[in-house]
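The structure appears below as structure tokens.
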Amino acid sequence: MEGKLFEIDNEEEMIQFGSLLSQKLNAGDIVLLYGELGAGKTTLVRGVMRGYGWTEPVRSPTFNLFSLYETTPPVLHADFYRIKSTLGLGIEDYLDTHLCLSEWPTAIEPEIELNQAIIVRISHKNSGRNVEVSNIKV
Ligand SMILES: Nc1ncnc2c1ncn2[C@@H]1O[C@H](COP(=O)(O)OP(=O)(O)O)[C@@H](O)[C@H]1O
Ligand SMILES: [Mg+2]
Numbered sequence: 000m001e002g003k004l005f006e007i008d009n010e011e012e013m014i015q016f017g018s019l020l021s022q023k024l025n026a027g028d029i030v031l032l033y034g035e036l037g038a039g040k041t042t043l044v045r046g047v048m049r050g051y052g053w054t055e056p057v058r059s060p061t062f063n064l065f066s067l068y069e070t071t072p073p074v075l076h077a078d079f080y081r082i083k084s085t086l087g088l089g090i091e092d093y094l095d096t097h098l099c100l101s102e103w104p105t106a107i108e109p110e111i112e113l114n115q116a117i118i119v120r121i122s123h124k125n126s127g128r129n130v131e132v133s134n135i136k137v
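Take the sequence shown: its position 62, counted from the start at 1, is 61 in numbering that gives the first Met the number 0, and no numbers get skipped.
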């Protein structure tokens with residue numbers, strides 16, 4: 000599905016974009032964040048979390064695979080860079096109750112309704128980033 004393209008020039012704008020996006024997201028939504036290392040996936044998640052009033056640090060959960068935030072809505076922030084499958088991780092129950100924001104989401108693709116997921120693709124554009132968002136009105 001064709002997405003909507005945004006040009007985001009710097010980190011602070013990325014945070015603001017995430018905060019705006021947060022208003023469109025709900026518990027039960029799954030957001031798949033694609034983009035290479037350093038693309039800005041965690042920065043965007045930080046912006047979403049700021050939108051929910053989260054003021055503590057937000058880091059890529061590269062080693063623990065996912066973090067849970069008791070915000071409203073509650074958030075599951077995942078980073079599946081290191082794994083090939085999310086089977087057996089025990090995240091299924093959280094997908095109903097939490098908003099899921101996943102970096103390196105390939106491992107979760109077989110376990111979800113892909114056509115209902117919100118897809119965010121981030122790529123470098125000069126010194127800023129292109130952010131393409133699909134499957135949601137933004
Ligand atoms: N829109 C943007 N324009 C320029 N730099 C950005 C933008 N968004 C994020 N960055 C920078 O990119 C770097 C990597 O961001 P990060 O969110 O850690 O990437 P990822 O999680 O995709 O590996 C950080 O230094 C961040 O400040
Ligand atoms: Mg990251």
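Every residue gets a Cβ at the ideal spot worked out from N, C-alpha and C, and that includes glycine.
Does ligand 1 have even one heavy atom less than 6 angstroms from the beta-carbon of residue 136?
Taking the Cβ of residue 136 as the reference point, every heavy atom of ligand 1 lies at 6 angstroms or farther away.
Which stretch, first to last residue, makes up the beta strand (DSSP E) that contains residue 124?
For residue 124, the enclosing beta strand (DSSP E) has its first and last residue at 117 to 124.
Spatial neighbours of residue 60 in its chain, beta-carbon cut-off 8 angstroms, leaving aside the 5 residues before and after
Excluding residues within five positions, the ones whose Cβ falls inside 8 angstroms are 66, 76, 77, 78.
At a cut-off of 6 angstroms, is residue 163 close to ligand 2 when judged by its beta-carbon and the heavy atoms of the ligand?
The structure shown has nothing for residue 163, since the chain only spans 0 to 137.
Need the endpoints of the beta strand (DSSP E) that residue 45 sits in, please.
First-last for residue 45: 40 to 50, but that is the alpha helix (DSSP H), not the beta strand (DSSP E).
Which of the three DSSP states is assigned to residue 78 in this structure?
In the three-state DSSP reduction, residue 78 falls in the strand class (E or B).
Any heavy atom of ligand 2 inside 6 angstroms of the beta-carbon of residue 102?
Yes, the beta carbon of residue 102 sits closer than 6 angstroms to at least one heavy atom of ligand 2.
Residue 59 - containing beta strand (DSSP E), residue span:
Counting along the chain, residue 59 falls outside any beta strand (DSSP E), and DSSP gives it neither H nor E.
Give me the residue from 56, 28, 29, 94 with the minimum Cα distance to residue 41.
Distance from the Cα of residue 41 is smallest, within the candidate group 56, 28, 29, 94, for 56.
Are residue 2 and residue 130 closer than 7 angstroms when you measure CB to CB?
For the 7 angstroms CB-CB criterion, residue 2 and residue 130 do not form a contact.
Under 7 angstroms between C-beta atoms of residue 20 and residue 98:
No, they are not a contact pair.
Where does the unbroken alpha helix (DSSP H) through residue 29 begin, and where does it stop?
Note, residue 29: premise wrong, no alpha helix (DSSP H); beta strand (DSSP E) at 29 to 33.
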